[in-house]
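Peer 1: The structure follows.
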Amino acid sequence: MTPPNVVLCLCDQLRAHAVGCYGDLAAQTPHIDRLAAGGVRFDLAMTNNPVCTPARSSLLSGQYGRTCTGELGNVADDPPCPRRRRLPAPTLAERFREAGYQTAVIGKWHLDPAPRTLGFEHAVCPLTIHRYRQQTYIEDDRPWFTVGPFAPDYEAGRVRDYLAARGQQPFFLFYNISLPHMPIGAAEMPEAFAGRFDPESIPLRPNVFGEDGMAHNETWFKVYTIWDYFWRQWGPCWNAAPECGYPGRTGEQPGDALPPGFDLRHLTALYYGAVSWTDALVGQLMAALADNGLEENTLVVFLSDHGDNLGSHHLFNKDCLYEESIRIPLVWHWPRGLIPRVNTKQVAQMVDVAPTLLDLCGLAPVPEMQGRSLAPLVKGGAETLGLNCAFIETDPSQLGCPYIGVRTPRHLFAMPLDAERHPVEGAADWLFDLEADPFELRNLAETAEGIAEAAGLRAQLERWNRRTPWLKVGR
């Protein structure tokens, strides 16, 4: 059989709960839903680290973030560094290139090192992360250039051009959609998406409400809606080149005021608009494949690097072990090779994607990959693998210390780590029963009904923590 082309379509900060085929009746995602209906959808898919850079590193390496980057948080240069201090093992792109595939990346990069260093022959990547207007790009060895609004639409056009120019050689395209990651203010999106949802009709998850009412944080609202607010408050990025366009640390500006009455419903409406914009770009991708006669034998994998808390548990952004942050969409679409189905029993994880792609394409596995091939499940011969869980790790960020967790089909267990990455004795662990408590409102770790389950999952997680190595990064 002719080897399939591969499009790995990764969006940014899209939680599974905001996609129609994952049960959200308010979402408008017809193209993603159609992709899922014609492919294999995993209902329980998890990122291994709910932060951009380590999640993307895990996707390309098939390794946990600690093993391929040596870090739990974002570590990426702007522009990307050509030296290969991280991701030392063969990457997915390198393996495809060795097998005779053309390799390309279009869209957000946010990795260390540069695309060519990790096996991509062609790259069109934005120089400034998360800027949707007046974006500057790096394309192979060309001088940097700037395009007008909107960056995601420009990148979609470059994807169309790339697909139209394909010949007989198989290709591996890593297409990165920065959406629905902030900035998602009305000025940062086309009006068709920014004004699509009525804030008063947006359903909110029950866990956005607490003793103080609905989650509200004006600083985070501004970070979500004003592209340079974060950089003006706490930036610029420590390793950014001047040409990247990050503003200086100028603090609050007169134009930063939120619209009167702006609250979580307004922010959620904007987020759903950004999700619809993401969906439209997925639709353009599939149309381009069909227009060029490539859809039947192209394996499209659609997923997100992580989710978005969006006020749940009164938290924003990502980097937490709650479902809103860790649970992601995962769809495999290949008309010539797969029979549509939904898998509701296996917990799939980010590190599984690379070994699965190699397996489905008939390529030899990379021994350093820590993930498992999901090919037996994608092909339909089984419903679960021997190991049915995901291991997840986070940096300190919003919760004050690093956490590691294990997600099974029914439970999430998590425990904090100290500065030396050892479990903190006597600290509060988490145990949530996701079947009985899908919004994670009742911690069972110290209760009579949960203590035995917590002990078993803690032992499993401690074994993983001991056995999973850290990369030592030289300077």
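In terms of the numbering used here, the sequence shown has 313 at position 274, counting the first letter as 1, and numbering is strictly consecutive. For every residue, glycine included, the Cβ atom is placed at its ideal position computed from N, Cα and C.
1) For A204 and V381, I'd like the C-alpha separation in whole angstroms.
2) Which residue or residues does DSSP assign as beta-bridge partners of R197?
3) From the DSSP output, which residues share a beta bridge with C48?
4) Please specify which runs of the alpha helix (DSSP H), each continuous and at least 4 residues long, are wholly inside the region 40-104, giving them in chain order.
5) Among residues of its own chain, excluding the 5 on either side of A35, which ones have a beta-carbon nearer than 6 Å to its beta-carbon?
6) Buried or exposed for D151, going by 16 or more other Cβ atoms inside 10 Å?
7) Taking D192 as the reference, give the member of G294, Y214, E334 and P182 with the closest Cα.
8) Would you say P188 and Y201 are within 8 Å of each other, going by their C-beta atoms?
9) Compare the C-alpha of A296 against each of N427, F260 and A132 and name the closest.
10) For the putative contact between G439 and I431, defined by C-beta atoms under 8 Å, what is the C-beta separation to the nearest angstrom?
11) For Y285, which three-state DSSP category applies?
12) So, does the region 501-514 touch the region 115-132, judging by three or more C-beta pairs under 8 Å?
13) Can you give the Cα-Cα distance for T167 and G62, rounded to whole angstroms?
14) Just to confirm, is the Cβ distance from Q102 to E501 under 8 Å?
15) Less than 8 Å between the C-beta atoms of P118 and H169, yes or no?
16) By how many angstroms is the C-alpha of A491 removed from the C-alpha of T317?
17) Please say whether L354 and Q437 have beta carbons closer to each other than 8 Å?
18) Considering Cα atoms alone, identify which of M454, D476 and D179 is closest to L496.
19) Once you ignore the five residues that flank P93 on each side, which residues in its own chain have a CB closer than 6 Å to its CB?
20) From the DSSP output, in three-state form, read off C120 for me.
21) Count the other C-beta atoms from every protein chain shown that fall within 10 angstroms of the C-beta of R54, then say buried if there are 16 or more, exposed otherwise.
22) I need the DSSP call for N382, collapsed to helix, strand or coil.
23) What residue does the beta strand (DSSP E) around E178 start on, and which one ends it?
24) Is the beta carbon of P374 sitting closer than 8 Å to the one on G77?
25) Since V144 and T337 are thought to touch, with beta carbons under 8 Å apart, how far apart are those beta carbons, to the nearest angstrom?
26) Could you check whether C48 and V340 sit closer than 8 Å to each other, using their CB atoms as the reference points?
27) Per DSSP, W469 is paired with what?
28) Just the C-alpha distance for T258 and G234, rounded to the nearest angstrom, thanks.
29) Tell me which residue opens and which closes the beta strand (DSSP E) that P165 is part of.
30) For L369, I'd like the list of residues in its chain whose CB is within less than 6 Å of its CB, leaving aside the five on either flank, ordered along the chain.
Peer 2: According to the structure shown:
1) Reading the sequence shown from its first residue, position 165 is the one you call residue 204. Reading the sequence shown from its first residue, position 342 is the one you call residue 381. Going from the Cα of A204 to the Cα of V381 covers about 34 Å.
2) Start at 1 with the first residue of the sequence shown, and residue 197 comes out as number 158. Its beta-bridge partners do not exist; DSSP assigns none.
3) Residue 48 sits at position 9 when you count from the first residue of the sequence shown. Paired residue(s): Y214 and F341.
4) 69-76 and 91-100
5) Residue numbering for the chain in the displayed model covers 40 to 514; residue 35 lies beyond these limits and cannot be assessed.
6) Locating residue 151 in the sequence shown gives position 112, counting from the first residue. When all chains shown are included, D151 counts as buried.
7) Within the sequence shown, numbered from 1, the residue matching residue 192 stands at position 153. That would be Y214, whose Cα lies nearest to the Cα of D192.
8) By 1-based counting over the sequence shown, the position of residue 188 is 149. By 1-based counting over the sequence shown, the position of residue 201 is 162. Contact flag unset, no.
9) To locate residue 296, count along the sequence shown from 1; it is residue 257. Here the closest residue by C-alpha is F260.
10) In the sequence shown, residue 439 corresponds to position 400, counting from 1. In the sequence shown, residue 431 corresponds to position 392, counting from 1. Not quite, the Cβ-Cβ distance comes to about 17 Å (not below 8 Å), so this is no contact.
11) Within the sequence shown, the letter at position 246 stands for residue 285. Coil, per DSSP.
12) yes
13) For this step, residue 167 is matched to residue 128 along the sequence shown. For this step, residue 62 is matched to residue 23 along the sequence shown. Straight-line Cα distance between these residues: approximately 34 Å.
14) By one-based count along the sequence shown, residue 102 stands at place 63. By one-based count along the sequence shown, residue 501 stands at place 462. Cβ distance not < 8 Å, so Q102 and E501 don't count as in contact.
15) Indexing the sequence shown from 1 puts residue 118 at position 79. Indexing the sequence shown from 1 puts residue 169 at position 130. The answer is no: Cβ separation not under 8 Å.
16) As a position in the sequence shown, residue 317 is number 278, starting the count at 1. As a position in the sequence shown, residue 491 is number 452, starting the count at 1. Distance between the alpha carbons of T317 and A491: 42 Å.
17) Residue 437 sits at position 398 when you count from the first residue of the sequence shown. Residue 354 sits at position 315 when you count from the first residue of the sequence shown. In contact: Q437 and L354 (Cβ atoms closer than 8 Å).
18) Position 457 of the sequence shown holds residue 496. Ranking the options by Cα distance to L496, first place goes to M454.
19) What you label residue 93 is simply residue 54 of the sequence shown in a count that begins at 1. Same-chain partners within the cutoff: G104 and T108.
20) Residue 120 sits at position 81 when you count from the first residue of the sequence shown. Three-state DSSP puts C120 in coil, outside helix and strand.
21) Against the sequence shown, residue 54 aligns to sequence position 15. Buried is the call here.
22) Position 343 of the sequence shown, counted from the first residue, corresponds to residue 382. Strand.
23) In the sequence shown, counting from the first residue as 1, residue 178 sits at position 139. That run of the beta strand (DSSP E) goes Q174 to E178.
24) The sequence position of residue 374 within the sequence shown is 335, counting from 1. The sequence position of residue 77 within the sequence shown is 38, counting from 1. Yes, the pair counts as a contact, with Cβ atoms nearer than the cut-off.
25) On the sequence shown, residue 144 is found 105 positions in, with the first residue counted as 1. On the sequence shown, residue 337 is found 298 positions in, with the first residue counted as 1. 16 Å between Cβ atoms; not a contact.
26) Taking the sequence shown and counting its residues from 1, one reaches residue 340 at position 301. Taking the sequence shown and counting its residues from 1, one reaches residue 48 at position 9. The answer is yes: Cβ separation under 8 Å.
27) Taking the sequence shown and counting its residues from 1, the one referred to as residue 469 is at position 430. Answer is A453, bridged to W469.
28) For the purposes of this step, residue 258 is identified with residue 219 of the sequence shown, where counting begins at 1. For the purposes of this step, residue 234 is identified with residue 195 of the sequence shown, where counting begins at 1. Approximately 22 Å, taken between the alpha carbons.
29) What you label residue 165 is simply residue 126 of the sequence shown in a count that begins at 1. Run containing P165: H161 to P165, per the beta strand (DSSP E) assignment.
30) Position 330 of the sequence shown holds residue 369. Closer than 6 Å at the Cβ level, and outside the excluded window around L369, lie F81, A84, L342 and A387.
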